[in-house]
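Just below is one structure, and these are the notes that go with it.
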Amino acid sequence: MKNNIRKILKKQNTTNNIAKYVSTFFAWFLVAIFLGLIGYIIYSSAPGFEEYGFNNIIFNDKYNINDSTNPNASIWLPLSITIIVTIGSLLISTPLAIKTSMFLHFRVKNETIKKTLKIIINISAAIPSVIFGLFASQTFGTLIKQIFGLDTTQTVLTAIFMLSFMLIPTQISLIINACEGANNSYISYTLSLGNTKTKAIYKVFRSQIRKAIIISIIVAAGRSIGETMAVSMILSSQDYGNVIHGGLISILKSSLSPLGAVISMGMFSENGGEGLRGLLYAFGVGMFIVVMLINAVVIFASGERNKSTWFTKLQNSVGGFISIVPNQIGIWLEKITYHSPIKLNNTNYDKYLSRYIVHRIQTNKWMYVYSWYKRFWEIVSTLIVFGFIAWIGLEIIARGLVACSLTSSTVGSYLKNTTGQATLNTLLLILVSIILSLPLSLIIAIWLNEYAKNKKIKKTILFFIDSLGSTPSIIFGMFGLVFFIETCGIAAGGHMGKSLLAGILTIIIVILPTFTRMIQQSLEAIPMSIRENSYALGNSKWYTIKKLILPQAYKGIISSTIITVGRILAETAPLYLTAGLSSSSKIALLNPGQTLTTRIYAQLFNNNASESLNIMWESAFIVLILVIALILIGYVFIPYWPEFKSMIITYWNIEKSIYKFNDKANWSKYDSQIYKNILYLTDHQAKKLKLKHNELIAFKKNKKKIIVQIIDEHKMKKIEDEAQFINIGR
1 MKNNIRKILK KQNTTNNIAK YVSTFFAWFL VAIFLGLIGY IIYSSAPGFE EYGFNNIIFN
61 DKYNINDSTN PNASIWLPLS ITIIVTIGSL LISTPLAIKT SMFLHFRVKN ETIKKTLKII
121 INISAAIPSV IFGLFASQTF GTLIKQIFGL DTTQTVLTAI FMLSFMLIPT QISLIINACE
181 GANNSYISYT LSLGNTKTKA IYKVFRSQIR KAIIISIIVA AGRSIGETMA VSMILSSQDY
241 GNVIHGGLIS ILKSSLSPLG AVISMGMFSE NGGEGLRGLL YAFGVGMFIV VMLINAVVIF
301 ASGERNKSTW FTKLQNSVGG FISIVPNQIG IWLEKITYHS PIKLNNTNYD KYLSRYIVHR
361 IQTNKWMYVY SWYKRFWEIV STLIVFGFIA WIGLEIIARG LVACSLTSST VGSYLKNTTG
421 QATLNTLLLI LVSIILSLPL SLIIAIWLNE YAKNKKIKKT ILFFIDSLGS TPSIIFGMFG
481 LVFFIETCGI AAGGHMGKSL LAGILTIIIV ILPTFTRMIQ QSLEAIPMSI RENSYALGNS
541 KWYTIKKLIL PQAYKGIISS TIITVGRILA ETAPLYLTAG LSSSSKIALL NPGQTLTTRI
601 YAQLFNNNAS ESLNIMWESA FIVLILVIAL ILIGYVFIPY WPEFKSMIIT YWNIEKSIYK
661 FNDKANWSKY DSQIYKNILY LTDHQAKKLK LKHNELIAFK KNKKKIIVQI IDEHKMKKIE
721 DEAQFINIGR
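Okay, so the sequence shown: first residue is 1 according to the UniProt record's numbering, each after it adds one.
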């Protein structure tokens, strides 16, 4: 007995150690990927620094890379456009996102309507950026042109508005999640003092979610800086010198390219050599550094700090300085409109102060003006946001259906460079990427949450994971092009070709950090008491993870998988650099292959304008269908999975019972014991037939199902005497 226990314990320890070392290896492997990516990008930028010069790139204010005699390649000019576009889009998106979030969370009372609106927000957040670029260049840009009197639809101002509406759904999702997790009791306390609900929301509740609002702004800024494909569909000019000197208005009316668009358009430039490619990699390093700084700010802003730190003091000082004029105006208006019957002085100050404050709050007329002002802008913001979502959604559906109905449509064709083949390539890409990345992400997440004991090491690895997750996807594409194609030659065409496999490997690196982080957060949400109770019973860590933690976290893991599938579906930049903009006649992993998003982007290089537009809209329509299906699965399948699972198990047990019954040989002697679809058996008969009480069985010929009831012999005799037994016939 003791030997058996020792063997079991030894086996558990061995299994636990194997799980620990394997998960540790893959966690550090992810760090190695991060460092390798940085190293390869820096190494690939060497020809650019060599040809253009470090000072010419960093310490220069001119940009003219096509000048053969004296080329200038200042990173600051395209980066300045990136900053202008980012700041402009955030100035539009952030107020709209905050007001819409407050309206959805506090004003919409019907839970069904609220859930429906949240689903719509999540669908719009998952729409690929190339579709926003298509919509802006073909439809939305025309409105901006007419409103602001511009000469063309392809302007920086159009890009700013496009990016702002692209960022709004993501910001709303982050803010609403914070609202749902916040403590609403503070609102009740504020209302008890006589304040309006609106004032309680904006003066008290909003301070609770302030951190989430800041993080949503910084996350949106990172996405805006890293956005490449949508912006490059609108902005293509590189005449920085002549435009920038004209001032901000001149820049907004121009079509100057931000840094991401410069990299995207230059990667396949016919005029470029190794020097130009190296310069683009150097620009990628610059973009990477900017995003890393933003990521550091996110960590700093979301971390817990002591209230007496310099940051908090500076924050309060700046906020107080900015609020001096508005506060003084408010005090002046209140003095004009409010006259208290309670006069405070040194003798009655302590006695009447609380009564004075309550009376002042309850009779403050400007408080209601404030409430209606906030409500008005909440309604306006919500109408603008959902109006835009309805516009882009209906535009995709209407134009997509028209494009799919044309005789030239290739949705149902699976030949070379067709929408049908692009759909298959997309599904193949998603399937293989998830099959390879899910186990890796799960193993790394298990190590981070269950095995990592050293807090410094854990924080270091989490920093690398978060940094990798916030890296612009164009940088992953550049790495995939250099490493998987040009170095490893993972393509049928060798070092100069393109392949779906190279695209898949690149996409895995893109999704691995966020996929890992989401699963890790799902594991972290499982109560620690479950682990402690399991350990108290003598179970090993791995046994606890396998039998208790993972089954509890399955909803979060499935949700993470669906979100990751949406991320894969939306990616364009890593794929057009590795998998290519065209397809092979045969679908194979080592052959190049268009996906739906790269098919949209590839039409920018199509000389037939009408044909390219139809292809874009039909591809966008298919993408929208896939996105809607994914979101609905996340909202319908996952919450009701236990019910689905129970139905499947019940059905399977019924089928097993049917097959079990069909194997029985002679049933004719039991015909007289069947009454109203119930087969009555004695205990002896049931044991002989190996049947259980209430077991469901069926006859092979007519498929009629009956239920087994086990009764004693005395009751069987009574039933035979009193009831009319029916032979159902076989």
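Quick reminder that beta carbons are idealized off the backbone N, C-alpha and C, glycines included.
All values reported here derive from a predicted model rather than from experimental measurement.
query                                                                                                           : result
Runs of beta strand (DSSP E) wholly within the region 175-229 (minimum 3 residues, chain order)                 : none
Burial state of Pro472 (16 or more Cβ within 10 Å)                                                              : buried
For Gln552 and Asn539, the rounded distance between their alpha carbons                                         : 17 Å
Ile83 - DSSP class collapsed to helix/strand/coil                                                               : helix
Extent of the continuous alpha helix (DSSP H) to which Leu624 belongs                                           : 609-632
8 Å contact criterion, which Ile263 and Phe288 should meet: CB distance rounded                                 : About 11 Å; that fails the 8 Å criterion.
Unbroken beta strand (DSSP E) run spanning Ile678, endpoints                                                    : 678-681
Residue from Glu227, Leu279, Gln238, Ala220 with nearest C-alpha to Ile294                                      : Ala220
Residues sharing a beta bridge with Ile65, DSSP                                                                 : Beta-bridge pairing links Ile65 to no other residue.
Asn72 - partner residues in DSSP beta bridges                                                                   : Asn64
Other residues of its chain near Leu167: CB distance less than 7 Å, five sequence neighbours each side excluded : Ser89, Ser93, Ala220, Arg223, Ser224
8 Å Cβ cutoff met for Ile568 and Leu429                                                                         : yes
Outcome for Ser23 when other beta-carbon atoms lying within 10 angstroms are tallied against a minimum of 16    : buried
Every unbroken alpha helix (DSSP H) inside the region 405-488 [4 residues or more]                              : 419-446, 455-469, 473-480
8 Å Cβ cutoff met for Val380 and Met229                                                                         : no
Residue range of the unbroken alpha helix (DSSP H) whose run includes Pro513                                    : 500-524
Cα-Cα separation between Tyr635 and Ser371, rounded to whole angstroms                                          : 34 Å
From Ala536, Thr564, Lys145, residue whose alpha carbon lies closest to that of Thr514                          : Thr564
Cross-strand partners of Leu256 (DSSP beta bridge)                                                              : Ser237
Lys586 classed as buried or exposed, judged by whether at least 16 other C-beta atoms fall within 10 angstroms  : exposed
Straight-line gap, Ile144 to Trp391 (C-alpha atoms, nearest Å)                                                  : 14 Å
Coarse secondary structure for Val708, derived from DSSP in three states                                        : strand
Beta-carbon spacing of Leu256, Ile81 below 8 Å                                                                  : yes
Same chain, Cβ closer than 7 Å to residue 814, neighbours up to 5 away in sequence not counted                  : This structure does not reach residue 814, given that the chain is present from 1 up to 730, and the question cannot be answered.
Within 8 Å, strictly: CB atoms of Asn72 and Asn60                                                               : yes
C-alpha distance - Leu20 paired with Ile511, whole-angstrom precision                                           : A small fix is needed here, since residue 20 is Lys in this sequence, not Leu. If I take the Cα positions, the gap works out to 23 Å.
C-alpha distance - Gly181 paired with Thr460, whole-angstrom precision                                          : 27 Å
Residue from Phe140, Leu468, Gln171, Lys416 with nearest C-alpha to Arg599                                      : Lys416
Any C-beta of chain B under 8 Å from that of Gly494                                                             : Annotation note: the requested chain B is absent from the structure, which comprises a single protein chain.
Local conformation of Ile640 per DSSP, three classes                                                            : Here the sequence assigns Tyr to residue 640, which means Ile is not the residue at that position. Note: Tyr640 maps to coil in three-state DSSP.
Close beta carbons around Ser45, own chain, < 6 Å, minus the five adjacent residues each side                   : Gly278, Tyr281, Ala282, Val285
Identity of the residue in Ser559, Leu596, Thr572 nearest Thr426 by Cα                                          : Leu596
Buried or exposed by the 16-neighbour rule on C-beta atoms within 10 Å, applied to Pro95                        : exposed
Length of the line joining the Cα atoms of Pro574 and Thr410                                                    : 25 Å
Buried/exposed call for Asn607, threshold 16 Cβ in 10 Å                                                         : exposed
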